[in-house]
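So the sequences go chain by chain: A and B.
FYI, the numbering for the first sequence is 198 to 741, going by my numbering.
FYI, the numbering for the second sequence is 161 to 382, going by my numbering.
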Amino acid sequence: MSHPCVVTIDSRSAPRTLFYGDQLMDVDLPTGTRVVYPKPPLAALKDVDAAIRYAINHPYNSEPLYALLKPGMKVTIAVDDISLPLPPMRRPDIRERVTTIVLDLLADHGVDDVEIIIATSFHRRMKEREIRHILGDRIVDRFWPKKLYNHDAEAPDGLTHIGETDHGEIVEINRRAADSDLIVYVNLNFVPMDGGHKSVSVGLCGYKSLMAHHNPKTMRNCHSYMDPAASELNTSVVRMGRVLNEKKRVFTIETTVNNRMFDRPLDFLAKNEDDLSQAERAALRALKLTLDKTPQSLRQAVFERVPSPYGVTGVFAGETEAVHEHTLKRGYDQYLVPVVGQADILVSGVPYISPYNVNSFLNPLLVQVMANGYLFNLYKGAPMLKKGGTMIVLHPCTDKFDNEHHAPYIEFVHRLLPETRDAMELHRRYEKKFASNPAYIEMYRKGHAYHPAHAFFMWYWGEAGRQHVGRMIVVGADNEYIPKLLGWETARTMDEALRMARTTAPPRPEILALHVAPMMMVEMFAEKPLKSLPGTSEPPPSYR
Amino acid sequence: MAASYFDVDGTLVSTNLVHPTVFYMMRQPTPLHSLAKLGRAALRAPMLALAEMQDRRLFNELLFASYDGMSEDRLLTLAGEAFDTVIKPNIYPGARELVRTCKDKGHEVVLVSGALDFLMHLLADHLGGCDVIANKLEMKDRFATGKLLRPVVAGPEKAKLVRDHAREKGHDLDACFAYSDSYSDVPMLSIVGNPAAVNPDRKLQLLASTYHWPIIRLDRAA
C-alpha cells in the first residue's frame with residue numbers, strides 16, 4: 198500500500214492541474230501514473246513568541262543566549278534574505294518575531310553595539326520595502342540604513358579572512374560580523390538545503406569562499422541538494438562552518454514553517470483533483486480561465502502581492518549543527534512523501550517562483566534551475582528518476598528577463614550558452630572574467646542585480662540533474678530557441694511529450710508526477726520495501 | 161589588458177560643459193569683462209540650445225568660443241579652483257568606487273570627455289590616476305582663440321578616438337568597457353564588447369533595455 202499522498206491514476210481519474218509558470222495546465226496522465234501530492238500542512242505552533250523565548254533560553258549544545266551577553270559587547274545579527282520562503286510569508290514574518298525578541302534581550306543586557314546584516318551572499322540587495330516585509334517597521338525604522346543593511350561581498354576591505362579548511366577551502370566572512378563578539382543568525386528554513394553552516398559561511402561570505410563549492414564538480418556530487426548527508430556541497434559548507442565556529446561565537450536560531458502556501462480560497466490547489474468538491478472544481482475552472490485571460494504582467498503583480506499564510510512549526514536555537522539536526526527533522530516531517538520504485542519518466546509543472554525571482558520574472562535560466570536543479574533534486578534516498586530517464590516539465594520558457602535583477606543572466610543565456618552548455622567549460626573559460634565585470638559588480642553592489650557569478654552558479658545548480666536525466670522535454674514552450682539553448686526538446690502537449698518519452702523508455706514505463714506547489718519532497722526507495730513505509734502499513738524499505 | 165572608457169559629464173559628475181565655462185566667464189579680469197562675456201553668451205544661448213539638439217560637436221565649438229581671449233595663465237591658474245568649486249562637489253556618489261573597481265580588475269581607466277583637458281586631468285588625479293581624452297583649446301601667443309584643436313571630442317568622434325587609443329595601447333575592444341549617460345555616445349558604447357549605460361537619458365535607457373546593456377545609477381546613493 199502506498200502513502201496516502203501518492204495517487205495512482207486510473208481510467209476514471211480527472212485531469213491533473215499542474216503549474217505552467219504563472220498559469221495552470223490540465224494534463225491527462227496515463228493510467229498507472231503515480232502522482233505525488235504534498236503532505237497536509239503540519240499544525241502550527243500556538244504561541245510562537247513563547248516558542249522563540251523557550252528556544253533561546255533552552256538551546257541545544259550551547260549556553261542560553263542571555264548567558265552569552267555582556268554589556269558593551271559587539272553583536273551582529275544576520276538574517277536570511279527574501280529568497281525564502283516562497284512565496285514570501287504573510288506579515289509578521291517569523292524573522293521579525295525572532296529578531297524583535299533577540300533585540301529586546303540585547304537591550305536588557307546592555308548590548309548597544311548591534312548591527313543587522315541581511316545575509317544575501319551573491320543574491321541581489323533587498324530593497325527597503327522587502328526588508329520591511331521580513332523584519333517589520335519597528336526594526337527598520339530603528340536600524341535602517343546605517344545599522345541594518347545588505348551584505349556586500351564585493352565591498353573593498355569588506356571581508357575578513359577567518360582561515361582555511363583541511364581541504365584548502367578559504368573561509369572569509371563579512372568584516373563587521375567577523376569583528377563582532379557574537380554573531381546571532383536568524384534563519385527561516387524552507388527546504389532542507391537551507392540553514393545549518395550555510396547560513397553564516399555562505400550568507401556572509403565572498404567569492405573566494407563560494408568558489409570552493411559553487412562549482413560544477415561539487416554540484417555533480419550532490420544526491421541530492423535536499424539530502425545534506427548525500428550532498429558534497431553541504432559537506433564542503435560544513436567543513437567551512439566548523440572552521441568559522443571554532444574561531445567565532447555563533448548562536449544559531451532556526452525556524453521551520455509548514456507548507457501552507459495557499460490561503461483558504463486557493464487551498465484546493467494542493468488537493469487530489471478527484472477529491473475536489475463541486476464548488477472547488479468551479480473555483481479551479483474560474484481561476485484557470487482568469488489566469489489564461491490575464492496579461493502576464495498583471496498575473497505577476499497579483500502573485501507578488503499575495504503572501505502565504507505559513508504557520509510556524511518549530512523554533513530551534515543554540516550551536517549550529519545541533520540546531521540544524523532538529524530543523525532538518527521538522528522539515529522532513531512536513532515534506533517527505535515515501536515512494537517505492539524509481540520512474541522512467543518524471544513529470545512536473547514548473548511554478549512561477551524560485552528563490553531567485555521574488556518580485557520579478559522567472560527567466561529562462563531560472564526555469565532551468567527549477568527543472569534541473571530544484572524539482573529534480575526534491576528527493577532523499579534514490580533519485581526519483583532512473584539514470585538516463587526522461588523528465589517532462591511544463592513551462593512557457595518565455596525569453597524575458599528582469600533587466601534590473603537579472604542583468605548578468607541575459608548575457609549568460611544569450612552570449613555564453615550559444616557557445617557551450619558544458620558547465621566545466623563555462624566554469625573554466627568564462628566564469629572569472631564574467632565575475633569581474635565592473636558594470637555588473639556595480640549593479641550588484643549599488644543596484645539590485647545578482648552578482649555576475651550567480652548566473653554561472655544557476656547553471657551549475659542544474660548540473661546534477663543534467664548528468665542524470667537522459668532527456669528533458671518541455672511542454673508548452675512559446676518559442677523553440679530557449680529550450681534548444683538549454684538542451685531541451687519541446688512538445689506542444691503532454692500527450693506528445695509522453696509519446697516522445699516512450700520512444701526511449703522501456704515498455705510500460707513507470708511514470709511519476711509531482712504535484713507542486715505547495716512544497717514537498719519524495720523519499721524514494723528504489724527497491725521493494727521490507728517493512729512498513731512511514732505513514733503506511735507496509736514494511737520499511739531500503740533506498741537501493 | 162582591458163580598458164574602461166568613461167564619459168564624464170552626466171556619467172561620473174552631475175555638471176556639464178556649461179558649468180566650468182560659466183565659472184571662467186565670471187572670473188574675468190574685471191566685472192565689466194565678466195558682464196560682457198556673460199552677455200555675449202546669453203545672446204548665443206538659443207543657438208547653443210539648437211546645436212545641442214542637432215550636433216554635439218557644433219555645440220562644443222560654439223560653447224568654447226566663450227574662452228576667446230582668455231590667457232593660458234589665467235585658465236590654468238583658475239583650474240584648481242574651477243575643479244574644487246564646480247566639478248569635485250558634483251562627482252556622483254559611487255563614481256569613485258566604480259573607477260576603483262575597474263582599476264582593481266586590472267583595467268586601464270580612460271576619461272573621454274568634451275570638457276577641457278586641464279580640468280579632466282585634475283579629475284583623473286582625483287579618481288586615482290586615469291588616462292584622459294579631452295578637448296584642447298587652441299592657443300595663439302598664449303591666449304585662447306576660442307577654437308578647439310582637432311579632433312573635437314564629441315559624438316561619433318569619441319568612438320574613433322577610443323578605437324585609436326585601444327589600438328595604440330594594445331587593448332582588445334571586445335574586452336573593453338565603455339560607460340556613458342547620453343544617447344549621443346552610442347557610437348562609443350557600440351564599439352566595445354561591454355557597454356554600460358550610466359544614469360541614462362530616456363533614449364539611451366530605451367536602447368540599453370532593448371540591447372540588455374547593464375544600466376547603472378551612480379546619481380543615487382545606494
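We put the beta carbon where it would ideally sit given N, CA and C, even for glycine.
CB contact check: residue i to chain B, cutoff 7 angstroms
i: I313 of chain A; result: no
i: A604 of chain A; result: yes
i: I638 of chain A; result: yes
i: K243 of chain A; result: no
i: K643 of chain A; result: yes
i: P737 of chain A; result: Interpretation of P737 of chain A is limited by its pLDDT of 44, a score under 50 that renders its predicted location unreliable; no figure is taken from the coordinates.
i: W685 of chain A; result: no
i: I249 of chain A; result: no
i: I607 of chain A; result: yes
i: N600 of chain A; result: yes
i: Y740 of chain A; result: Confidence at Y740 of chain A is low in this model, with a pLDDT of 45, below 50, so the placement of that residue is unreliable and no value is reported for it.
Short Cβ contact (7 angstroms threshold) for residue i with residue j
i: V509 of chain A; j: V454 of chain A; result: yes
i: E639 of chain A; j: L271 of chain B; result: no
i: V245 of chain A; j: R292 of chain A; result: no
i: Y189 of chain A; j: F500 of chain A; result: Summary: the structure shown does not reach residue 189 of chain A, with chain A confined to residues 198 through 741, and so no result is reported for it.
i: N359 of chain B; j: D341 of chain B; result: yes
i: D541 of chain A; j: A702 of chain A; result: yes
i: M437 of chain A; j: E366 of chain A; result: yes
i: S377 of chain A; j: T273 of chain A; result: yes
i: G528 of chain A; j: P389 of chain A; result: yes
i: N384 of chain A; j: D277 of chain A; result: yes
i: N600 of chain A; j: S350 of chain B; result: no
i: R213 of chain A; j: L226 of chain A; result: yes
i: I380 of chain A; j: M323 of chain A; result: no
i: H267 of chain B; j: A356 of chain B; result: no
i: V671 of chain A; j: W656 of chain A; result: no
Short CB-CB distance (under 7 angstroms) between residue i and chain A
i: L364 of chain B; result: no
i: S369 of chain B; result: yes
i: I254 of chain B; result: One detail in the question is off: residue 254 of chain B reads as Gly in this sequence, not Ile. Closer than 7 angstroms: yes.
i: P374 of chain B; result: yes
i: C290 of chain B; result: no
i: C336 of chain B; result: no
i: A284 of chain B; result: no
i: L258 of chain B; result: yes
i: A163 of chain B; result: no
i: T261 of chain B; result: yes
i: A356 of chain B; result: yes
Whole-Å CB distance - residue i paired with residue j, under 8 angstroms assumed
i: L484 of chain A; j: L221 of chain A; result: 7 angstroms
i: V269 of chain B; j: F166 of chain B; result: 7 angstroms
i: D675 of chain A; j: P593 of chain A; result: 5 angstroms
i: S318 of chain A; j: C202 of chain A; result: Not a contact, Cβ separation roughly 34 angstroms.
i: P715 of chain A; j: N456 of chain A; result: 4 angstroms
Opposing strand residues paired with residue i [DSSP bridges]
i: R502 of chain A; result: In DSSP, R502 of chain A forms no bridge with anything.
i: N354 of chain B; result: B:F337
i: F573 of chain A; result: Beta-bridge pairing links F573 of chain A to no other residue.
i: C419 of chain A; result: A:S428
i: Q220 of chain A; result: A:Y217
i: T430 of chain B; result: With chain B running from 161 to 382 in the structure shown, residue 430 of chain B is simply not present.
i: D291 of chain B; result: B:V270
i: T273 of chain A; result: A:E312, A:I380
Chain D contact residues for residue i, given Cβ-Cβ distances below 7 angstroms
i: S633 of chain A; result: The structure shown contains no chain D; the protein chains it does contain are A and B.
Inset, instruction - Indicate whether the contact test is met: 3 or more Cβ pairs, each with one atom in the region 277-285 of chain B and one in the region 204-219 of chain B, closer than 8 angstroms. - result: Between the region 277-285 of chain B and the region 204-219 of chain B there are fewer than three C-beta pairs closer than 8 angstroms, too few to call the two in contact.
Inset, instruction - Kindly confirm or deny that the region 609-627 of chain A and the region 174-188 of chain B touch, where touching means at least three C-beta pairs closer than 8 angstroms. - result: No, because fewer than three Cβ pairs between the region 609-627 of chain A and the region 174-188 of chain B fall closer than 8 angstroms, the two stretches do not touch.
Legend entry - the region 644-659 of chain A / the region 594-609 of chain A touching (three or more Cβ pairs under 8 angstroms): In short, these stretches touch, since the Cβ pair count reaches three.
Inset, instruction - Count the CB pairs spanning the region 302-317 of chain B and the region 226-242 of chain B that are closer than 8 angstroms, and state whether there are at least three. - result: They touch, by the three-pair rule.
Inset, instruction - Determine contact between the region 257-270 of chain A and the region 411-428 of chain A, defined as no fewer than three beta-carbon pairs at a distance below 8 angstroms. - result: The region 411-428 of chain A and the region 257-270 of chain A do not touch, with fewer than three beta-carbon pairs separated by less than 8 angstroms.
Inset, instruction - Determine contact between the region 459-475 of chain A and the region 310-317 of chain A, defined as no fewer than three beta-carbon pairs at a distance below 8 angstroms. - result: The region 459-475 of chain A is not in contact with the region 310-317 of chain A.
Legend entry - Segment contact, 8 angstroms Cβ cut-off, at least three pairs: the region 237-257 of chain A with the region 341-357 of chain A: These segments do not touch.
Inset, instruction - Examine the Cβ distances between the region 470-484 of chain A and the region 403-420 of chain A and report whether three or more of them are shorter than 8 angstroms. - result: At 8 angstroms Cβ cutoff, the stretches do not touch.
Inset, instruction - Could you tell me whether the region 277-286 of chain A touches the region 226-244 of chain A, using the rule of 3 or more Cβ pairs below 8 angstroms? - result: Segments in contact, no.
Legend entry - Any 3 or more C-beta pairs closer than 8 angstroms across the region 703-710 of chain A and the region 229-236 of chain A: With three or more CB-CB distances shorter than 8 angstroms, the region 703-710 of chain A counts as touching the region 229-236 of chain A.
Inset, instruction - Spell out a yes or no on whether the region 625-644 of chain A and the region 581-589 of chain A are touching, meaning 3 or more CB-CB pairs, one atom from each, closer than 8 angstroms. - result: Too few Cβ pairs lie closer than 8 angstroms, so no.
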